[in-house]
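Below is one structure, written out as structure tokens, with a few remarks after it.
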Amino acid sequence: MTHSTEQHLREDAQCVLHTHTRAGCAVAALECGLLPVNQISMEFYGKVAYHD
Numbered sequence: 001m002t003h004s005t006e007q008h009l010r011e012d013a014q015c016v017l018h019t020h021t022r023a024g025c026a027v028a029a030l031e032c033g034l035l036p037v038n039q040i041s042m043e044f045y046g047k048v049a050y051h052d
């Protein structure tokens, strides 16, 4: 599935992000995903979706 296809499946999605940064890989490896543990992560709380 391409990123543009994923974006069209969700009308509320304004962008699709694909990353392989160390931080992005670490969050992706967590079963719990991105945790709201500080002000920066709170900006994304409830706004991040995951696709397996």
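Every letter in the sequence shown is one number past the one before it in full-length UniProt numbering, and letter 41, counting from 1, is 41. For each residue, glycine too, the CB sits at the ideal point set by N, CA and C.
CA-to-CA distance, residue j to residue i, given in whole angstroms
i: Glu11; j: Ala26; result: 28 Å
i: Ala28; j: Ile40; result: 17 Å
i: Gln14; j: Gly33; result: 20 Å
i: Leu9; j: Gly46; result: 18 Å
Cβ neighbours of residue i in the same chain (closer than 7 Å, five flanking residues each side left out)
i: Leu35; result: Ser41
Coil, strand or helix - residue i by DSSP
i: Arg10; result: coil
i: Gly33; result: coil
i: Val16; result: coil
Residues near residue i in its chain [Cβ-Cβ closer than 8 Å; skip 5 each side]
i: Tyr50; result: Ala28, Gly33
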